[in-house]
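In terms of my numbering, the sequence shown is residues 2 to 665.
Structure, as structure tokens:
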Amino acid sequence: MTNHKLPILFLLMVSLLCGCQKKEQAFQYNVDKFYDLEILRYDVPEFDSLTLQQKSLIYCLSEAALYGRDILFDQNGRYNLRIRRACEALYLNYPYDKKAPEFAAFERYLKRVWFSNGIHHHYSEDKFLPEFSQEWFMTACEAAGVLYESAILPVMFDPAVMPKRMTAQDGVDLVACSAGNYYGEGVTQAEAEAWYAAHKDNSAEPLWIGLNSQLVKDENGQIVERVYKVGGLYGEALEHVVYWLKEALKYAENDAQRLAIEKMIAFNETGDLKTFNEYCIAWVKDLESRVDYVNGFTETYTDPLGITGTWESMVNFKDLVATKRTQLISDNAQWFEDHSTTDPKYKKEEVKGVTAKVITAAILAGDCYPATPIGINLPNANWIRKEYGSKSVTIDNLMHAYNEAAKGNGFNEEFMIDDEIRAIYEQYGAMCGDLHTDLHECVGHGSGKLMPGVTKDALKEHASTIEEARADLFGLYYLADPKLVELGLLPNMEAYKAGYYQQMMNGAMTQLVRIEEGKDVEEAHMRNRQLIANWVLEHANGEVEIIERDGKHYLRINDYEGVRRLYGELLAEIQRITSEGDYPAAKEIVEKYAVKVNPELHKEIRERYAKLNLAPYKGFVNPVYTAVKDAEGNITDVKIDFTEGYIEQHLRYSRYYSPLPDVN
Ligand code: ZN
């Protein structure tokens, strides 16, 4: 699973969980903004410190990544490649004034097509319509000498044709009503489901039937499978992917990594799903390599039946500094357990910390580009996860880019109470966010124990809210502990204030921008944050309060140590509820603090947020990697460059990495 394509509202709200603190040069994070989208750039820190072998490996895997771009366009809709190519040709050859309003509207449309890898919104699934007329398009193409198939016109301009990439509407034929190209024309949901049911593998190590194929009707009306592989569907692109994976083999860091790449090559060559399982197992076992990657048919969110994988790739390498940080926390897990505010009888005698792996993304492609996940947790097959485990990572440099790009967008100026806390937040906010996440993941969830006879599901529908609150509170309590300064994880005893202020402001107020007016808080993490903030506010005796100034509400913390005491008290109670499996108490505390929203405050926060006019969705441009070669063709260095713009990047990808025919 990838933590995928989160609306940026979410990212803003969890900016506490973000980023890494490092000296800022004049790196340009903001690239472009149009419609509800903003394009950012991410830095690749430590790239220069990699060995030549590692850099070369990243280079080859990046080439393999970029060659899959066309596949995703075609999976998202069978006319997408034709539309993209007609538009790109017009963009390049338009003979008139490129500053005219219609051309500007056309340019925005093309930028949107690139962003969505097709003509449907990447998040809402709705088709977006051009803001220029069909007549303008036809006339302009004629003047520019651009040839196109007339079939693309209704697909682009008629709102009734292919209105949704994927529909989830009750009672309609999900396959027939979705524009995605996982099923050929005329295939119905019932036919596809019958085919999958007939071919389902019920063995102990099941094959993921349908992961890498399109179902179509043959000339006799029978459903047949067209497999994605070299020589099969998308073979022209997969040949290039395979070529570069083979090049990558030359630079593999160790045998485990080599084995996984070999299996991925074999899978692309044969389409054989048993080989895919072997690949997943080999990949999940490769824990030592610095460089890692995702490459292939992975997530199934946009297949209306949730079976076929969309093509994606992300090349990355371990962030050693951040991983060292999580190691340090995890090494001290017993100390944290012993010193928390919970009743000794609920503590674990022997606690094991978890080391979270933090990575730096080096290239994003396919369904990870331009919009991208902020975490990866693979493989997806449950039986492999159970038997062999999974890799779960957070992508630090992307989070950092979101954070940096959000600076100066007016959010903190609007919602934080004064310059003093804004200054503390500017300096320590990202650092506290990292640490709080680490504490939450590495020691928070693993802390405490259940009393004999109490089962994990005792808290029923409130279990996940209570569990997230427990991990969050554990992290919050320790964020203000001198132990962190002693361990060198925080520079001083002021830094934690950034984390405390952010948690209280977000939980009590600003996360409400994500809730529609009139609705309750539903999602477990949001409930947990509101539970903590509202409980602390109600039990506070002047330590923290919400005040009104010029008709606007602000959070004010008067006594940070007092807030820590309150976090500690609540942690003890939440641990008691968990350890005892006290369902009535869980229900009461969740219903009292976590669910309901003050309607006036909610309205005010949403109005203030709307005035900031922030783009809710973000995506990225990639850096450009160039291999320097000697006379024999050996790579002697890999250069990285961050200057390419959004339009230039997509035009270059379409020119050099576009091997698929129009119709596949
Ligand atoms: Zn959690």
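We put the beta carbon where it would ideally sit given N, CA and C, even for glycine.
Given the structure is predicted, the values throughout are model-derived calculations rather than measurements.
{"query": "Report yes or no: do three or more beta-carbon pairs, one from the stretch 327-340 and one from the stretch 362-376, lie closer than 8 Å?", "result": "no"}
{"query": "Does the distance between the C-beta of E103 and the nearest non-hydrogen atom of the ligand ZN fall short of 6 Å?", "result": "no"}
{"query": "Express the C-alpha separation of D304 and R166 in angstroms, rounding to a whole number.", "result": "9 Å"}
{"query": "Looking only at its own chain, which residues have a Cβ that is under 6 Å from the Cβ of S655, when we skip the five neighbours before and after it?", "result": "E89"}
{"query": "Please determine if the stretch 205-222 and the stretch 179-195 are in contact, where contact requires at least 3 C-beta pairs separated by less than 8 Å.", "result": "yes"}
{"query": "Using the three-state DSSP reduction, which class does N507 fall into: helix, strand or coil?", "result": "helix"}
{"query": "Taking a contact to mean a Cβ-Cβ separation below 7 Å, would you say I364 touches A66 in this structure?", "result": "yes"}
{"query": "Spell out a yes or no on whether the stretch 375-394 and the stretch 515-535 are touching, meaning 3 or more CB-CB pairs, one atom from each, closer than 8 Å.", "result": "no"}
{"query": "Should V537 and I558 be called a contact, given that it needs their Cβ atoms to be closer than 7 Å?", "result": "no"}
{"query": "Please list, following the chain, all residues that have a C-beta closer than 6 Å to any non-hydrogen atom of the ligand ZN.", "result": "H441, H446, E469, A472"}
{"query": "Which same chain residues end up closer than 8 Å to L399 when comparing Cβ atoms and leaving out the 5 residues on each side of it in sequence?", "result": "Y43, A362, T373, I375, F621"}
{"query": "Using a 10 Å radius around the Cβ and a threshold of 16 neighbouring Cβ atoms, would you call V162 buried or exposed?", "result": "exposed"}
{"query": "What residue does the alpha helix (DSSP H) around Y347 start on, and which one ends it?", "result": "It is not in any alpha helix (DSSP H) - Y347 carries neither H nor E in the DSSP assignment."}
{"query": "To which residues of the same chain is F48 closer than 6 Å at the C-beta, ignoring the five residues directly before and after it?", "result": "I641"}
{"query": "For F277, is the classification buried or exposed, using 16 other Cβ atoms within 10 angstroms of its Cβ as the cut-off for buried?", "result": "buried"}
{"query": "Using the rule of at least 16 other Cβ atoms within 10 Å of the residue's Cβ for burial, across every protein chain shown, is L288 buried or exposed?", "result": "exposed"}
{"query": "So what does DSSP say about I636, is it helix, strand or coil?", "result": "strand"}
{"query": "Quick one: is K23 buried, meaning 16 or more other Cβ sit within 10 Å of its Cβ, or exposed?", "result": "Low per-residue confidence applies at K23: pLDDT is 44, beneath 50, and the placement is therefore not dependable, though the value from the model is reported in the following sentence. So K23 ends up on the exposed side."}
{"query": "If you drop the 5 nearest sequence neighbours on each side, which residues of the same chain put their C-beta closer than 7 Å to that of P624?", "result": "V45, I641, D642, F643"}
{"query": "Taking Cβ to Cβ, would you say L485 is nearer than 7 Å to L477?", "result": "no"}
{"query": "First and last residue of the beta strand (DSSP E) that includes E549?", "result": "545-550"}
{"query": "Considering only C-alpha positions, which residue in the set R530, K34, F28 is nearest to Y618?", "result": "K34"}
{"query": "Report yes if the C-beta of K128 is less than 6 Å from at least one heavy atom of the ligand PLP; otherwise report no.", "result": "For the ligand PLP, the structure offers nothing, since it holds only the ligand ZN."}
{"query": "Going by C-alpha distance, which of K408, D435, L436 is nearest R672?", "result": "Nothing about residue 672 can be reported from this structure: the residues present for the chain run from 2 to 665 only."}
{"query": "Spell out the partners DSSP gives I641 in its beta bridges.", "result": "Y626"}
{"query": "Which residues in the same chain have their Cβ closer than 7 Å to the Cβ of L234, if we skip the five residues on either side of it in sequence?", "result": "Q215, R227, V228, N665"}
{"query": "Taking 8 Å as the cut-off, does the stretch 51-60 touch the stretch 121-141 (at least 3 CB pairs, one atom from each stretch)?", "result": "no"}
{"query": "DSSP state of Y429, grouped into three classes?", "result": "helix"}
{"query": "With distances taken between CB atoms, is the gap from A481 to R607 smaller than 7 Å?", "result": "no"}
{"query": "First and last residue of the alpha helix (DSSP H) that includes G236?", "result": "236-250"}
{"query": "DSSP state of S50, grouped into three classes?", "result": "helix"}
{"query": "Determine whether the beta carbon atoms of E581 and M452 lie at a separation below 7 Å.", "result": "yes"}
{"query": "Measuring straight from C-alpha to C-alpha, what distance separates P160 and V114?", "result": "16 Å"}
{"query": "How long is the line joining the alpha carbons of K100 and V243, rounded to whole angstroms?", "result": "42 Å"}
{"query": "Quick check: what's the CA-CA separation for G563 versus A470?", "result": "19 Å"}
{"query": "Hey, out of L460, Y610, C178, whose CA is closest to E589's CA?", "result": "L460"}
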